[in-house]
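Visitor: Same order as they appear, the protein sequences are chains V and F.
Count along the first sequence starting at 1, add 65, and that's the number in this note's numbering.
Position 20 (the second sequence) corresponds to 2 in this note's numbering; numbering is contiguous.
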Amino acid sequence: MKPKFTLKKTLLVLSALAIVPMFILAKAKGSDHADTPEIAASPGSDLTDVYVFPSPTNANNVVLAMNVHPLIATGAGGSASFDPNVLYQFKIDNTGDNVEDLVIQTTFQGTGSSQKVYIAGPTKPAIMGTKSTLLSPFTTTGIINNTFSPTSNVKVFAGAREDSFFFDLEQFFTILPDRATPLTPGVVVPDPNVPKAVTWRAPGVAKDFLSANGLNVLSVVVELPKSQLIGTGDGKIHVWCTTSK
Amino acid sequence: MKRILAGFCAMTGVLGIAILSGCGGGGDEQRVYRQVDRLARPAVNEVFATVANGRHKANDENAPTDDNGSLANDIQSFMTGTAGRSQAITDVVKAVLSPDVIIADLKDNSTTAAYLGVETGGATGNRFGGRALTDDVVDVSLGVIFGGTVPALGLAADDGKEIPTLTSDNVDASGKHFTATFPYLGSPR
């Protein structure tokens, strides 16, 4: 199949298409945000990035991080809180079949700066897949924006963080404006997978939109012993995050 | 056990019979949460699946075990259509990125993570894999989709369809403020 990139086609498209307006970019995100109109309207359920890395401070531990709720404005981190109606989960498969063997669940009570954090796991859940029930018991163990230890070898932080993703988001939305449509209600992009530009911006011109605008997210960061996730497997884990209502 | 009871109670309700204790009242029923978003590897669902036609939403609401029949089709369309790559390279990309999960080897002793390290046998830096805060996942992904990464790894023949102007967004982590101590992500701006 012929690739869709040709110079002639690109010039025609660029001349016909306005640059994505700044107000859309004021709603920019991390690696996966405002996925759909429904999620854009419910930012507390909007997952933006997932990280899995060895602990820099303890070789026995691994760190799991989940970022949600993009586009918290600069200066507004202290007043942001998680959605108390949402169940936030880390799902871990340690047998290689891509079905979760363990979950770590986080829920929140109240809103605002004294919002309570409930966390449980890693534990085998009662049901696997796209429906979930809460692990029992579910312990209250913290307040947002304050690191705490549910057990002595586990650390948890849930709260506002600088958005860790870096990307020239403006240029991405110029190349593929279909991906911006959750933020541009009523706009329909014809040929949603046909790129409208064929290049990224040059070094020095390209901008990390999120750091240029001092944008923040909410993060759940859990540091725990690797042994708690390995189970009876060979050491390899498959990790994903979900939000549920 | 609760699910079996719930199913049975629903049935007896339909029949107009309520003979078992535990039916009705609803006190035993836990809230069932339904998934609205799912995420693992960065810039996969967002790049390959269109918002139009509900493809991205479908992937948000299903499970990794659905990816080979769902997300993999989005990868197929994008790689051969939008990116114009060969079927051989597309097959490798599907095999690596679907199911959409972050893979880490907790028995590897590396002190840092390296995105796609397990999937590429250590070619991206080490065999712990996972995803580090500083990993340039955008450039790694662009190299796979628009560049020569797959042929360079010996996983498929070069198809001559690279688009060099698309293989890096020319943005790095220098604007971030990661820390050496927990929680490692920078304080809010």
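Virtual Cβ for every residue (Gly too), placed ideally from N, Cα, C.
Any C-beta of chain F sitting closer than 8 Å to the C-beta of Asn125 of chain V?
Guide: no
Visitor: Hey, is the region 38 to 57 of chain F in contact with the region 188 to 198 of chain V, meaning 3+ C-beta pairs nearer than 8 Å?
Guide: yes
Visitor: Take Gln58 of chain F and list the residues in its own chain whose beta-carbon comes closer than 7 Å to its own, dropping the five residues that flank it on each side.
Guide: Thr72 and Lys76
Visitor: In angstroms, rounded to a whole number, what distance separates the CA positions of Gly177 of chain V and Phe213 of chain V?
Guide: If you take the alpha carbons of Gly177 of chain V and Phe213 of chain V, they lie about 18 Å apart.
Visitor: Suppose the cutoff is 8 Å on Cβ atoms and the five residues either side in sequence are ignored; what does the same chain contact list for Ser123 of chain F look like?
Guide: Pro24, Ala25, Val26 and Val29
Visitor: Return the chain-ordered list of same chain residues with a C-beta closer than 7 Å to the C-beta of Arg266 of chain V, the five sequence neighbours on each side being excluded.
Guide: Asp233 and Gln236
Visitor: From Gln154 of chain V to Leu135 of chain F, what distance separates their C-alpha atoms?
Guide: 34 Å
Visitor: Going by the beta-carbon positions, is the gap between Val120 of chain F and Arg113 of chain F smaller than 8 Å?
Guide: no
Visitor: Using only the heavy atoms of the ligand MG, determine whether one of them is closer than 7 Å to the beta carbon of Ile192 of chain V.
Guide: In the structure on display, the ligand MG does not appear, and there are no ligands present to speak of.
Visitor: Which residues does DSSP list as the beta-bridge partners of Ser309 of chain V?
Guide: V:Leu152 and F:Gln17
Visitor: How far does the alpha helix (DSSP H) with Thr72 of chain F in it extend, from its first residue to its last?
Guide: Gln69 to Leu79
Visitor: Please decide whether Asp151 of chain F counts as near chain V, where near means a Cβ-Cβ distance under 8 Å.
Guide: yes
Visitor: Taking 8 Å as the CB-CB limit, is Ile57 of chain F close to chain V?
Guide: no
Visitor: Give, in chain order, every residue of the region 90 to 102 of chain F whose Cβ lies closer than 8 Å to some Cβ of chain V.
Guide: Asp90, Asn91, Ser92, Thr93, Thr94, Ala95 and Val100
Visitor: Just curious, the beta strand (DSSP E) that Gly224 of chain V is in, first and last residue?
Guide: Lys220 to Glu227
Visitor: Return helix, strand or coil for Ala141 of chain V, following the three-state DSSP convention.
Guide: In the displayed model, Ala141 of chain V falls within coil according to three-state DSSP, outside both helix and strand.
Visitor: From the beta carbon of Val83 of chain F, is the nearest beta carbon of chain V less than 8 Å away?
Guide: yes
Visitor: So which residues of chain V does Glu144 of chain F contact, with C-beta pairs closer than 7 Å?
Guide: Simply none; closest approach about 11 Å.
Visitor: Compare the beta carbon distance of Phe230 of chain V and Leu275 of chain V with 8 Å and say whether it is the shorter of the two.
Guide: yes
Visitor: Between which two residues does the beta strand (DSSP E) harbouring Val282 of chain V extend?
Guide: Asn281 to Pro290
Visitor: Near Val83 of chain F, what residues of its chain come up, given a Cβ to Cβ distance below 8 Å and the 5 sequence neighbours on each side ignored?
Guide: Same-chain partners within the cutoff: Ala22, Arg23 and Pro46.
Visitor: Over what stretch of residues does the beta strand (DSSP E) that includes Pro119 of chain V continue unbroken?
Guide: Leu112 to Pro119
Visitor: Excluding the five sequence neighbours on either side, which residues of its own chain have a C-beta within less than 6 Å of the C-beta of Phe203 of chain V, listed in chain order?
Guide: Tyr183 and Ala185
Visitor: Which whole-angstrom value is the C-beta distance of Pro165 of chain F and Ala225 of chain V, which I expect to be below 8 Å?
Guide: The Cβ separation is near 11 Å, so there is no contact.
Visitor: Figure out for me which residue from V:Tyr116, V:His134 and V:Asn125 has the closest Cα to the Cα of Ala106 of chain V.
Guide: V:His134
Visitor: Across the region 292 to 304 of chain V and the region 89 to 102 of chain F, are there enough close Cβ pairs to call them in contact, namely three or more that are closer than 8 Å?
Guide: yes
Visitor: Considering only residues of the same chain and omitting the five flanking positions on each side of Thr101 of chain V, which have a CB-CB separation below 6 Å?
Guide: Pro247
Visitor: Run through the region 48 to 122 of chain F for me and flag every whole alpha helix (DSSP H) of 4 or more residues, listed as ranges in chain order.
Guide: 53 to 59 and 69 to 79
Visitor: Does the beta-carbon of Val50 of chain V have 16 or more other beta-carbons within 10 angstroms, so that it is buried, or is it exposed?
Guide: Lying outside 66 to 310, the shown extent of chain V, residue 50 of chain V is not represented and no answer is given.
Visitor: In chain order, what residues of the same chain lie with their CB nearer than 7 Å to the CB of Thr131 of chain F, ignoring the 5 residues before and after it?
Guide: Setting aside the 5 residues that flank it on each side, Thr131 of chain F is surrounded in the same chain by Gly125, each with a C-beta closer than 7 Å to its C-beta; the list follows chain order.
Visitor: Given that a residue counts as buried once 16 or more other Cβ atoms are within 10 Å of its Cβ, and exposed if not, what is Asn163 of chain V?
Guide: buried
Visitor: At which residues does the alpha helix (DSSP H) containing Leu167 of chain V begin and terminate?
Guide: Run containing Leu167 of chain V: none in the alpha helix (DSSP H); it sits in the beta strand (DSSP E), Leu167 to Gln174.
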